[in-house]
Structures are given as C-alpha cells and as structure tokens.
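Notes to accompany the following structure.
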C-alpha cells in the first residue's frame with residue numbers, strides 16, 4: 008500500500024509537471040522528449056521560460072517578419088547558455104539547438 012501511494016504521488020507530480028511544459032511542439036513527441044532531456048537539470052523552470060520566449064519570438068516572426076526565425080533560434084540558444092546549470096549549458100542547449108537546426112532544415116526541404 009505504501010508503494011502504491013508513493014508511485015501514485017510520483018505519477019501525479021510527473022503528469023502535472025509535464026503538462027506545464029512549453030518546450031517542443033505541444034501534444035507531440037518532441038515535447039515529451041525535450042522534457043526527458045531537461046528533467047535531470049535543477050532549472051527546468053528556467054529552460055521552460057527560454058522556450059516560452061522562443062515561442063513568442065517565433066510567433067512574431069511569422070506575423071511581422073521580425074525577429075527572423077534564425078534570430079529567434081539564436082536568442083533561444085543564448086538564453087539556455089546563461090543557465091547556472093551545467094547540465095543545461097552542456098547537454099540541453101546543444102541538443103535543443105541541433106533539434107532547431109534540423110527542424111529548420113526539414114521545413115526548408117518540405118517546400119522543395
């Protein structure tokens with residue numbers, strides 16, 4: 008019974024935390040993968056704020072043309088690079104930035 012309660016609490020915390028996650032495309036696998044990559048870091052709230060900022064700039068680039076998508080990605084990488092967590096700076100940042108580059112490449116190839 009004790010293990011059931013403990014596992015239920017952990018599952019609840021995981022689901023609530025994962026629902027508040029703004030990195031990756033929402034309701035898609037990329038959101039879940041980004042959560043698993045960032046989870047070992049102690050500053051997931053900071054990572055999430057960088058993702059929110061990136062989404063805001065990206066939406067503005069779609070409607071107003073500025074900042075450009077590439078500049079939005081640059082700002083995102085810089086934001087992650089300012090983290091106090093080594094895990095964020097040396098694992099999360101490179102993985103997230105490479106995923107942005109690959110996504111931009113994929114989007115460019117889809118139009119050909």
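In our numbering, the protein residues as written are 8 to 119.
We treat Cβ as the ideally placed atom computed from N, Cα and C, and that holds for glycine.
These figures come from a predicted structure and were not determined experimentally.
Chain-order list of residues whose beta-carbon lies under 7 Å from that of residue i (same chain, five-residue window excluded)
i: residue 38; result: 28, 30, 31 and 32
Neighbour-count burial assignment, residue i, 16 or more Cβ in a 10 Å radius
i: residue 79; result: buried
i: residue 75; result: exposed
Alpha-carbon to alpha-carbon, residue j and residue i
i: residue 90; j: residue 77; result: 21 Å
i: residue 49; j: residue 92; result: 7 Å
i: residue 96; j: residue 105; result: 13 Å
i: residue 117; j: residue 63; result: 24 Å
Residue i: first and last residue of the uninterrupted alpha helix (DSSP H) it sits in
i: residue 51; result: 51 to 71
i: residue 100; result: 100 to 117
i: residue 79; result: 76 to 88
Other residues of its chain near residue i: CB distance less than 6 Å, five sequence neighbours each side excluded
i: residue 68; result: 74, 75, 76 and 79
i: residue 65; result: 79
Close beta carbons around residue i, own chain, < 8 Å, minus the five adjacent residues each side
i: residue 54; result: 30, 45, 48, 87, 90, 95 and 99
i: residue 103; result: 30, 41, 44, 83, 84 and 87
Interface flag, residue i vs chain D, CB-CB below 7 Å
i: residue 51; result: Given the protein chain composition of this structure (a single chain), no chain D is represented.
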